[in-house]
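**Student:**
Residue numbers (our numbering): 767 to 1501.
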């Protein structure tokens, strides 16, 4: 076998080349580090992953028509759109004067999706609608969030907003620019009327506390492929040259570049912590020379990974940064093994020029398969379909790049560094007892011998512990995605259907006064007659209507958000009794209006709605409400959706578990987080099966034995013992 070769007949491969051509090795090391730095500086940066949006909103205005008349138009549009070849879902609302249809296509490439939107436009153009209907408007870009959102305060705000837009258009990195709250001079259409009813008030903190001012919002989008911090700098520099009157003030109310910088800062902090931890652990188990060699492997591996991300066009965003952080815990495995191999060869008397390449060369097969098994554990995530797959595709790609880079480093730069630094260190099996950790070796050997003398009892004990640990799982709960670590929260406000914009503004005025008493609030924008512009990838804009409003609140720090949510829920519940106020945390994952949603269809919608509402309230759901005041349809059938939040700190899944026995058995479908969890569990089960098959196949090839591979695979579930106990301990600590 290869690991039994003598130095004389071993080829040594690339490890030998780097030891014998050390000048080339040092130059390569400098190139890799410099290339990684350049890659880090030039990698496109954005807050969230970008993927083709396959949802669109079709808005049809029918002035003067009641909800039932509007529904007839909605039905006609739905029937025509149902012929789209990749249609996945139609969801509509018909209310006085306006029909809104959300069209969801199956996930595909941007080119294919754009072709289908063109087909949808052709279908709509050939449709005969009542003569008083305005031309339907298909909005395919409504899910694009603004990168920077500014509030322009002061009497001359509309004029300054126009100047801002005209000036920023000249920047090559700037995409679409939109204004919100800029009332039209003349009402010529229903759209103009909606714009006139869209009022923005901005709270901003000054020396006198929070102060409210009417304002105009300016949303600026960044074109894909740019570096977000450079984009922000160029936008601010351009705005700095604008002439502003003394009464004008411009504040930033949503800042994706700042959020991105925070994420990158977290990665750099984790990177530094990883290097320190590796050094400390290595010093605990090895000598300082080995610790230094292993520590140097981290920046080399990360540099290669960043260069690979540039080559594959993977930007720095929250998922790719998370992948880099996950990788930090695994990318030292190969260098540790390679360094240990060099130390063992030196300890056995090999000269440095041979030991430096012979150690890694002997272990090349073990290193390769160890890397391969880690890669196939993550790479099948790339097979996830739909939005979830598109959202996390960069995670398996980046982890694969990091592990492959670690493999390269362990066979190139580790032999080079080992030649100069390592002096030989025997393993624990030949420990002399001087190192503190070495003193534990006899106890470990005794425990191991005891286990080997009683194999059946040992195996039985292990699997009994595994079964016992599963008893902890009911306490964990289920949640699709965690909350986003942002210093922002939302308040959705809804008055009864048919309420006027004046009544809505009266409610938002009272909300405004209540918010001014909160010390944690740094700024807030209060929109009456519509919603806040889309500022985060999964917070969809609300359709304009006289009876709706929305508030975006910024705190100083993200850790102030939970306490503020509790306070505002209590305050608004007590003080605002004539409107529904939903104080919501911003979450990760797919766009969900509320985490708890139950869709009711079929006959007797009213009684089923009442039954579902009572079941949720009795189970502890918070702010249970429905859309019965609007004619709603899903896939061309009337329905009512009952929605609710979970009490803050409680999981939506637990509420549904309590409510499930009391829910109707027919005519209901679970939406919201429950649907996403169910779909993801099904797809993740498929991905897990593929990963396990690939891992088993790799081990069969490595060991050349099915039995040995089976034995190793049987130990995999035992890792869940520690995982379940760790999760339970975490829950106890945080609660």
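Cβ atoms here follow ideal geometry from the backbone N, Cα and C, with glycine treated the same way.
Treat the numbers as computed from the prediction; the structure is a model and nothing was measured.
(1) Measure the C-alpha to C-alpha separation of residue 895 and residue 817 and round it to an integer number of angstroms.
(2) Which term fits residue 1023, buried or exposed, when burial requires 16 or more other beta carbons within 10 angstroms of its beta carbon?
(3) Is residue 1432 buried or exposed, if buried means 16 or more other CB atoms sit within 10 Å of its CB?
(4) In terms of residues, what are the limits of the beta strand (DSSP E) holding residue 979?
(5) Spatial neighbours of residue 1230 within its chain, please: CB distance less than 8 angstroms, with the 5 preceding and 5 following residues excluded, ordered by chain position.
(6) Take residue 837 and list the residues in its own chain whose beta-carbon comes closer than 6 angstroms to its own, dropping the five residues that flank it on each side.
(7) Starting from residue 1411, follow the beta strand (DSSP E) in both directions and report where the run begins and ends.
(8) Quick check: the Cα distance between residue 1445 and residue 1078, rounded to an integer number of angstroms?
(9) Would you list the one or two residues that DSSP bridges to residue 1210?
(10) Does the pairing of the region 1117–1137 with the region 779–794 give three or more beta-carbon distances under 8 angstroms?
(11) When we look at the beta-carbon of residue 845 and count the other beta-carbons within 10 Å, is it buried (16 or more) or exposed?
(12) Compare the C-alpha of residue 963 against each of 1149, 1268, 1055 and name the closest.
(13) Should the region 866–879 be regarded as contacting the region 812–827, the criterion being three or more beta carbon pairs within less than 8 angstroms?
(14) Less than 7 angstroms between the beta carbons of residue 857 and residue 1400, yes or no?
(15) Could you tell me how far apart the beta carbons of residue 1161 and residue 1014 are, in whole angstroms, since I believe they sit closer than 8 angstroms?
(16) Let me check one thing: in DSSP terms, what residues is residue 1398 bridge-paired to?
(17) Does the Cβ-Cβ distance between residue 1097 and residue 1172 come in under 7 angstroms?
(18) Please list the segments of the beta strand (DSSP E) lying wholly inside the region 1151–1196, counting only runs of 3 or more residues, in order along the chain.
(19) Give me the Cβ distance between residue 1289 and residue 1271, rounded to the nearest whole Å; I'm assuming they're in contact under 8 angstroms.
(20) From the DSSP output, in three-state form, read off residue 1322 for me.
(21) When you compare the region 1274–1285 with the region 976–996, are there three or more beta-carbon pairs, one atom per stretch, that lie closer than 8 angstroms?
(22) Decide yes or no for the touch test of the region 920–927 against the region 1315–1329: beta carbon pairs closer than 8 angstroms, at least 3 of them.
(23) Quick test of your reading: residue 1369 and residue 1250, contact by CB under 8 angstroms. State the CB separation rounded to the nearest angstrom.
(24) Quick one: grab the DSSP three-state call for residue 1199.
(25) Taking the alpha carbon of residue 1158 as the reference point, which residue from 1233, 1492, 1464, 1087 has its own alpha carbon closest?
(26) Pick out whichever of 1245, 1408, 1306 has its Cα sitting closest to the Cα of residue 1447.
(27) Counting along the chain, where does the alpha helix (DSSP H) carrying residue 1135 start and finish?
(28) In terms of DSSP beta bridges, what is residue 1353 paired with?
(29) Pair every Cβ in the region 797–812 with every Cβ in the region 1063–1077, then say whether three or more of these pairs are closer than 8 angstroms.
**Tutor:** Straight from the coordinates:
(1) Spanning the two alpha carbons is a distance of roughly 34 angstroms.
(2) Burial call: buried.
(3) Around the beta carbon of residue 1432, fewer than 16 other beta carbons lie within 10 angstroms, which makes this residue exposed.
(4) Counting along the chain, the beta strand (DSSP E) containing residue 979 begins and ends at 975–988.
(5) Excluding sequence neighbours, residue 1230 sits near nothing in its chain.
(6) Within the same chain, 860, 1397 come within 6 angstroms of residue 837 by CB-CB distance, once the 5 residues on both sides are set aside.
(7) Under the DSSP assignment, residue 1411 falls in the beta strand (DSSP E) whose first and last residues are 1403–1411.
(8) Approximately 29 angstroms between the Cα atoms of the pair.
(9) In DSSP, residue 1210 forms no bridge with anything.
(10) They touch, by the three-pair rule.
(11) Exposed.
(12) Nearest C-alpha to residue 963: 1268.
(13) Inter-segment contact for the region 866–879 and the region 812–827 is present: three or more beta-carbon pairs are separated by less than 8 angstroms.
(14) Pairing residue 857 with residue 1400 gives a Cβ-Cβ distance under 7 angstroms.
(15) Not confirmed; about 44 angstroms, so no contact.
(16) Within the DSSP bridge table, the entry for residue 1398 names 859, 1405 as partners.
(17) Contact: yes.
(18) Entirely contained in the region 1151–1196, not one beta strand (DSSP E) run reaches 3 residues.
(19) Not a contact, Cβ separation roughly 20 angstroms.
(20) Residue 1322: coil per DSSP, three-state reduction.
(21) Short answer: they touch.
(22) At 8 angstroms Cβ cutoff, the stretches do not touch.
(23) Wrong, their Cβ atoms sit about 40 angstroms apart, outside the cutoff.
(24) Its pLDDT being 48, under 50, residue 1199 is placed unreliably by the model, and nothing is read from it.
(25) The candidate whose alpha carbon is nearest that of residue 1158 is 1087.
(26) Nearest to residue 1447 by alpha-carbon distance, out of 1245, 1408, 1306, is 1245.
(27) Membership of residue 1135 in the alpha helix (DSSP H) is indicated by the continuous run 1130–1144.
(28) BP columns for residue 1353 point to 1249.
(29) Segments in contact, yes.
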